[in-house]
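Report on the following structure.
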Amino acid sequence: GDSVTQMEGPVTLSEEAFLTINCTYTATGYPSLFWYVQYPGEGLQLLLKATKADDKGSNKGFEATYRKETTSFHLEKGSVQVSDSAVYFCALLNFGNEKLTFGTGTRLTIIP
Amino acid sequence: DSGVTQTPKHLITATGQRVTLRCSPRSGDLSVYWYQQSLDQGLQFLIQYYNGEERAKGNILERFSAQQFPDLHSELNLSSLELGDSALYFCASSVETGVSGYTFGSGTRLTVV
C-alpha cells in the first residue's frame, strides 16, 4: 500500500538557517504530494502541493519538488524564522484512493 | 479560520461512555474525512463521506461510527470509550476527491479518564 517516510525529528535550528526536511514515498501510479503544517494547538494547514513529476510547490518561502526518479518530496526553506516552529507533515493522495496518507510528522523548533 | 468547524474543542469523559463529535465542512465541500491523531500512532484515517454516502473506510474501530447528514455536516460517534481513545480528532473537507488537498478543522481533543 501507499506509505510516506519522513525525516525523524525533532529538528532544532537557529533563526536564518537553511532547512531541509526529507520525505520519500511509496505508491503505485502518480500520486499528488503535499506538505501540511500544524502550529501549536491548531489543525493542519496545507502548506504546498505538487500534482505531477518535476512540479515545484511553493508557499511562504518554502519549496518542494516532486522527484519521481527518487520518489521524494523534500521540504526546503532558505532562511527560517521563529514563527516557522511547528510540526510538518508530508502526505500523498493516490488517484482512486481518496484518503491522504501522512508521514509521522517532523517537529521543527527555531531558536532566536 | 479554515471554514471547517468542529465542536466541541475539548471533551473529557469517563471510560465506557459515549460521545459525539460534530463537523461542519467548508461551504461547497461535499467530502468529509475524519482522522485520529495520537502520540503513538500519528495521523490515522478513519472514514470518509461524500454527499451523504460512506466513500472510504480506514482504521476505524467497530465501537466508532459516523454519518453525514443532508446539510453535509458530519458526526463521529465514539462508544464504550477506553483510555486509549484519548486523542485529537480532526475533520477535514474537500470539494470532491481532495486532489487539491483537504481543509482541516482545528480538532476536538478527547480525554478519556
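Chains as they are written, first to last, in this note's numbering: chain A, 1 to 112; chain B, 1001 to 1113. We treat Cβ as the ideally placed atom computed from N, Cα and C, and that holds for glycine. The structure displayed is predicted, hence computed values, not measured ones.
Excluding five sequence neighbours on each side, which residues of the same chain lie with their C-beta closer than 6 Å to the C-beta of residue i?
i       : result
A/T12   : T109
A/Q6    : C23, C90, G103, T104 and T106
B/D1029 : S1093, S1094 and V1095
B/N1059 : Q1044
B/T1007 : R1022
B/R1063 : S1079 and S1080
B/R1018 : S1079
Counting only the same chain and skipping the five closest in sequence on each side, list residues whose C-beta sits under 7 Å from that of residue i.
i       : result
B/Y1102 : Y1033, A1092, S1093 and S1094
A/Y66   : L33, A50, K52, A53, D54, D55 and F73
B/S1027 : G1003
B/K1057 : I1047
B/Q1037 : L1043, A1087, L1088 and F1090
B/S1065 : N1077
A/S14   : I111
B/G1016 : S1080 and L1081
Between which two residues does the beta strand (DSSP E) containing residue i stretch?
i       : result
A/F34   : S32 to Q38
B/S1086 : That residue, B/S1086, is in no beta strand (DSSP E); it is neither H nor E in DSSP.
A/V11   : V11 to S14
B/E1075 : S1074 to L1078
B/S1106 : It is not in any beta strand (DSSP E) - B/S1106 carries neither H nor E in the DSSP assignment.
A/F89   : A86 to N94
B/Q1041 : From DSSP, B/Q1041 is part of no beta strand (DSSP E); its letter is neither H nor E.
B/F1069 : Premise fails: B/F1069 is in no beta strand (DSSP E) and is neither H nor E.
A/K99   : N97 to F102
A/R107  : T106 to I111
B/T1007 : T1005 to T1007
I'd like to confirm the pairing. Which residues does DSSP put opposite residue i in its beta bridges?
i       : result
A/F62   : A/N59 and A/K77
A/K49   : A/F34
B/K1127 : Residue 1127 of chain B lies beyond the residue range present for chain B, which begins at 1001 and ends at 1113; the question has no answer from this structure.
A/Y25   : A/V4
A/S72   : A/T24 and A/R67
A/F18   : Beta-bridge pairing links A/F18 to no other residue.
B/S1094 : B/S1031
B/L1081 : Note: B/L1081 sits in no beta bridge, so no partner.
What do you reckon, are the CB atoms on residue i and residue j nearer than 7 Å?
i       : j       : result
A/A86   : A/Q45   : no
B/L1021 : B/L1061 : no
B/L1083 : B/G1107 : no
B/V1112 : B/D1085 : yes
A/P40   : A/V82   : no
A/E16   : A/S79   : yes
A/V4    : A/T101  : yes
B/T1005 : B/S1031 : no
A/A116  : A/L93   : This structure cannot settle anything about residue 116 of chain A, because the visible part of chain A is limited to 1 through 112.
Once the 5 residues before and after residue i are set aside, which same chain residues still bring their CB inside 8 Å of it?
i       : result
A/K68   : Y30, A53 and D54
B/A1014 : L1081, V1112 and V1113
A/E63   : L48, K56, G57, L75, E76 and K77
In the region 1013-1039 of chain B, which residue ranges form an unbroken alpha helix (DSSP H) of at least 4 residues, counting only runs that do not cross its ends?
If we require 4 residues or more, the region 1013-1039 of chain B turns out to have no alpha helix (DSSP H) run fully inside it.
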